[in-house]
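Right, one structure below, let's go through it.
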Amino acid sequence: MSSQKPVLIVENLSVSFATPDGIVHAVNDLSFVLHEGETLGIVGESGSGKSVTAASLMRLNNSVTATSTGRVVVAGVDVLSASEADVRRLRGSEIAMVFQDPMSALNPYYTVGYQIAEAYEVHHPEASKAQVNAKVLEMMTKVGIPNPAQRADEYPHQFSGGMRQRIVIAIALVNDPKILIADEPTTALDVTVQAQILDLMLALQVENGMAILLITHDLGVIAEVARDVLVMYAGRVVEKADVEDLFEIPTHPYSWGLLGAVASLEVSSRGHLRTIEGTPPSLLNLPSGCAFHPRCSFASENGSRCTTETPLLVQKGPKHSFSACHLPVERIVEIGQKVGN
Amino acid sequence: MFTPIALEAKNLVKYFPTGHQGLLGRPTKELKAVDGVSFVLRQGETLGIVGESGCGKSTLARLITRLLDATSGEVILDGKDITSIKGRELRAVRQKLQMIFQDPYSSLNPRHSVGQIISGPLEVQGIIPDGGVKKRVQEMMELVGLNPEHYNRYPHEFSGGQRQRIGIARSLILNPSIIIADEPVSALDVSIQAQILNLLEKLQQELGLSFVFIAHDLSVVRHIADQVAVMYLGKIVEMGPSADVYASALHPYTTALLSAVPVPNPKMRGASGRIRLEGDVPSPVDPPSGCRFRTRCWKATDLCALEEPALADAGGGHLVACHHPMEASERAGKPHSDR
Ligand SMILES: Nc1ncnc2c1ncn2[C@@H]1O[C@H](COP(=O)(O)OP(=O)(O)OP(=O)(O)O)[C@@H](O)[C@H]1O
Ligand SMILES: Nc1ncnc2c1ncn2[C@@H]1O[C@H](COP(=O)(O)OP(=O)(O)OP(=O)(O)O)[C@@H](O)[C@H]1O
Ligand code: SF4
Ligand code: SF4
Ligand SMILES: [Mg+2]
Ligand SMILES: [Mg+2]
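Protein sequences, first through last, are from chains A and B.
Mind the numbering: the first sequence is residues 1169 to 1509 in my numbering, read in order.
Mind the numbering: the second sequence is residues 279 to 617 in my numbering, read in order.
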């Protein structure tokens, strides 16, 4: 698992926002390591802190109301405390990002060819015009845009959603970054186009060995592309596991609920979707102890611990899975085996 | 097969004028959003309609509920075409046919209390139920799993899933017999999706409702539908009992669509028989000749460009519109067969 070189180290990252209603604790004490060539998935419901985490890795939470603590280390540089010049040097060349909405990542007033060229020139000021043009065509070909020479002169609105996401990927990868952060890159796309884009990302990963941090709320996407997975709930990692282990023996009550709630194509489960009752908590006022306790049907098995003591992320069960839960290991394995497949 | 029919669509067509205005001020082109759709919805059953963005699902829903006027075709309710009725007759139809929308955020008026929102249709229809409006609204809130004491609260005080429950309560208050749900869970988290799907199933059983359930997510439809129809560029390309369509899809597009859905089981990763469609859906202003799917179909022949395949019964009420439907052997190794 860790024979490869770490390219991104996140230690005790916490991010909060000051709002008129109080402090929003969006990310709480998050730690993980991403290795060269690895695909790490982050899954969780809306508001669980996935995008805030992603933005922190490139120091994009730059509003005056945001407070970040902890460490994010990329190429030996602590992104959270580095100078603006250092962070700018990392962006694009070491670490690049693809967002959910390709339209918001592209400038509607410039041709796509110009935008790819511009991203390249930031890190290659010495390149000649011919070199830049060759690079643009190379990238457009790589991401599967037909007739690149002609289409380079077109504007974003002339492309379909899937083609626009390909352009965004071309821009993200033009400087050969070691880390690609993809925040719901296919959520806005149809399934047939989603499949094309995921295939493309994985093919490019094989080609250049980059690590991918893939953020999604779709467990199907996780199962198809991730190697390791972080399950987030209310700004915390509640489970951290190898993808096969997560689906075979999930080790956290929230993961059990998530897996049960997936309406799978494989088996028609009419009338038997297991659900997680209630709704995610307000981040202004997190529940005491384990933040999941108001929705957890196992909380009563632990006396008052679930409401008073925040569980730590520790190794659980026969696999190398970590979870943050007060339930005894035997109980977790017993239920996890029933829920998993 | 002998279950009575709740609603029937016959050859529904909706063209939107588009493009620059011509010499006589007429639009030069037409966008063929729905182009000859027919189906039967039986009482107490759910018809799922799936297809990718822009294939005409929402337009179809709006035609059925008379939020849009059809270019041509019929919608038969209780033996009567409702596409051109007006006034009191239309109001009576609206009472029987209700719609649930995708977006639980924008479909509720933020300045109205939950009580006002849910009772809205009563007001429009000028109905005062026995026991009063408030009592009826609170019964509805109870039915969909909302706390009746929250009668005076406003939409922003509720979560996405709760707002969708408000929308459902509103759609049920007139005791409709048919609900047209346009992507009712697409905007919700999976755990909340499951709550709403279970609720819809429960309501269907308790109230004997018939559903048209629209989704782009095939897995969600499979969970809830008796019959499923697959749309591509304004047309139904395949339709039949869910179990049949999912286990033995006949249209290449359906097969590709099923194949593209990520399977929440890492052991299925890279399963053989995966089909990857290339390219994008063509423009509905200028759809391909013959079969509309032919520009992306790996089975296309010359015939497909010349002749439009008709939607015909391939046996057991399983309809397909294709000159070269999928054979069982071509589906071998497909990851989605029943276990
Ligand atoms: N600038 C900000 N000011 C205040 N609160 C914020 C800010 N940015 C994010 N938040 C809050 O932080 C929490 C986490 O948000 P985040 O966008 O990371 O969620 P997410 O997991 O990406 O959800 P989704 O699946 O909906 O994209 C949310 O409650 C959000 O409202
Ligand atoms: N009022 C309108 N005027 C012009 N064109 C329209 C109008 N409404 C819809 N269309 C077009 O009709 C086609 C079908 O749209 P529709 O909204 O029915 O698709 P859909 O299947 O519901 O898609 P989605 O999954 O994105 O909701 C699209 O090409 C759309 O742009
Ligand atoms: S710590 Fe308690 S409340 Fe939290 S997940 Fe475990 S059992 Fe449930
Ligand atoms: S009719 Fe021809 S092009 Fe259309 S789906 Fe069938 S084989 Fe493909
Ligand atoms: Mg997000
Ligand atoms: Mg729609």
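Just so you know, even glycine gets a beta-carbon here, dropped at the ideal spot from N, CA and C.
Chain-order list of residues whose beta-carbon lies under 8 Å from that of residue i (same chain, five-residue window excluded)
{"i": "A/Thr-1187", "result": "Thr-1233 and Leu-1452"}
{"i": "B/Asp-467", "result": "Gly-438 and Gly-439"}
Chain-ordered chain B contacts of residue i [CB-CB under 9 Å]
{"i": "A/Leu-1176", "result": "By Cβ distance, chain B contributes nothing, its closest Cβ being about 23 Å from A/Leu-1176, past 9 Å."}
{"i": "A/Asp-1367", "result": "Arg-554"}
{"i": "A/Asn-1509", "result": "Pro-542, Asn-543 and Lys-545"}
Cβ-based burial, residue i [other Cβ within 10 Å; buried from 16]
{"i": "B/Arg-389", "result": "exposed"}
{"i": "B/Glu-461", "result": "buried"}
{"i": "A/Lys-1218", "result": "buried"}
{"i": "B/Thr-324", "result": "buried"}
{"i": "B/Asn-476", "result": "buried"}
{"i": "A/Glu-1213", "result": "buried"}
{"i": "A/Gln-1505", "result": "exposed"}
{"i": "B/His-614", "result": "With a pLDDT of 42 at B/His-614, under the threshold of 50, the predicted position of this residue should be treated as unreliable, though the coordinate-derived value follows. Classification of B/His-614: buried, given that the 10 Å Cβ count is 16 or more."}
{"i": "A/Leu-1426", "result": "buried"}
{"i": "B/Leu-478", "result": "buried"}
{"i": "B/Arg-340", "result": "buried"}
{"i": "B/Ser-488", "result": "buried"}
{"i": "A/Arg-1463", "result": "buried"}
{"i": "A/Glu-1206", "result": "buried"}
{"i": "A/Trp-1424", "result": "buried"}
Chain A residues whose Cβ lies nearer than 7 Å to that of residue i
{"i": "B/Gln-473", "result": "Thr-1443"}
{"i": "B/His-494", "result": "Asp-1358"}
Same chain only: Cβ atoms within 6 Å of residue i, ignoring 5 sequence neighbours per side
{"i": "B/Glu-585", "result": "Gly-568"}
{"i": "A/Val-1241", "result": "Ile-1177"}
{"i": "B/Tyr-531", "result": "Tyr-510, Val-515 and Phe-571"}
{"i": "A/Val-1361", "result": "Gly-1330"}
{"i": "B/Ile-360", "result": "Val-353 and Val-371"}
Cβ-based neighbour list, residue i, same chain, cut-off 7 Å, excluding 5 preceding and 5 following
{"i": "A/Ser-1436", "result": "Caution is warranted here: a pLDDT of 47 is assigned to A/Ser-1436, below 50, making its placement in the model unreliable, and the coordinate value is therefore given only provisionally. Result list for A/Ser-1436: empty, nothing under 7 Å."}
{"i": "B/Ser-449", "result": "Gln-376, Met-377, Ile-378 and Ile-457"}
{"i": "B/Lys-364", "result": "none"}
{"i": "A/Ala-1340", "result": "Ala-1264, Met-1265, Val-1266 and Leu-1348"}
{"i": "A/His-1325", "result": "Pro-1276"}
Residue i beta carbon near ligand 2 (any heavy atom closer than 7 Å)
{"i": "B/Thr-343", "result": "no"}
{"i": "B/Pro-462", "result": "no"}
Chain-ordered neighbours of residue i on chain A, where CB pairs are closer than 8 Å
{"i": "B/Asn-387", "result": "Within 8 Å Cβ-Cβ: nothing; B/Asn-387 doesn't reach chain A, min ~22 Å."}
{"i": "B/Gly-439", "result": "Thr-1447"}
{"i": "B/His-601", "result": "Within chain A, no residue comes near B/His-601; the closest Cβ sits about 21 Å away, beyond 8 Å."}
Neighbouring residues, chain B, relative to residue i (Cβ below 8 Å)
{"i": "A/Thr-1309", "result": "Ordered by position in chain B, no residue passes the 8 Å Cβ test against A/Thr-1309, which lies about 15 Å from the chain."}
{"i": "A/Gln-1362", "result": "Ala-538 and Pro-540"}
Near ligand 4: residue i beta-carbon under 7 Å from a heavy atom
{"i": "B/Ala-578", "result": "yes"}
{"i": "B/Cys-333", "result": "no"}
{"i": "A/Cys-1464", "result": "no"}
{"i": "B/Pro-587", "result": "yes"}
{"i": "B/Arg-609", "result": "no"}
{"i": "B/Pro-565", "result": "no"}
Where residue i meets chain B, residues with beta-carbon distance less than 7 Å
{"i": "A/Val-1359", "result": "Leu-535, Ala-538 and Val-539"}
{"i": "A/Leu-1426", "result": "Val-468 and Ser-469"}
{"i": "A/Ala-1459", "result": "Simply none; closest approach about 15 Å."}
{"i": "A/Gly-1330", "result": "Asp-558"}
{"i": "A/Val-1430", "result": "Val-468 and Pro-542"}
Residue i beta carbon near ligand 6 (any heavy atom closer than 7 Å)
{"i": "B/Ser-336", "result": "yes"}
Amino acids of chain A, ordered along the chain, whose beta-carbon sits closer than 9 Å to that of residue i
{"i": "B/Asn-425", "result": "Within chain A, no residue comes near B/Asn-425; the closest Cβ sits about 12 Å away, beyond 9 Å."}
Proximity test, residue i beta-carbon vs ligand 3 heavy atom, cut-off 7 Å
{"i": "B/Pro-542", "result": "no"}
{"i": "A/Ala-1429", "result": "no"}
{"i": "A/Cys-1493", "result": "yes"}
Any non-hydrogen atom of ligand 1 closer than 7 Å to residue i Cβ
{"i": "B/Phe-491", "result": "no"}
{"i": "B/His-434", "result": "no"}
{"i": "A/Leu-1451", "result": "yes"}
{"i": "A/Gly-1388", "result": "no"}
Proximity test, residue i beta-carbon vs ligand 5 heavy atom, cut-off 7 Å
{"i": "A/Glu-1352", "result": "yes"}
{"i": "A/Ser-1219", "result": "yes"}
Residues of the region 1406-1421 of chain A whose Cβ lies closer than 7 Å to any Cβ of chain B, in chain order: Val-1411, Glu-1412 and Phe-1415
Any C-beta of chain A within less than 8 Å: which residues of the region 443-472 of chain B qualify? Asp-467, Val-468, Ser-469, Ile-470, Gln-471 and Ala-472
Could you please tell me which residues of the region 1192-1215 of chain A, in chain order, have their CB closer than 8 Å to any CB of chain B? Glu-1213 and Ser-1214
For the region 1374-1406 of chain A, which residues have a CB atom closer than 7 Å to at least one CB atom of chain B, in sequence order? His-1385, Asp-1386, Leu-1387, Gly-1388, Val-1389, Ala-1391 and Glu-1392
In the region 314-339 of chain B, which residues sit with their C-beta less than 8 Å from some C-beta in chain A, listed in chain order? Glu-330 and Ser-331
Chain-ordered residues of the region 1222-1233 of chain A with a beta carbon less than 8 Å from chain B: none
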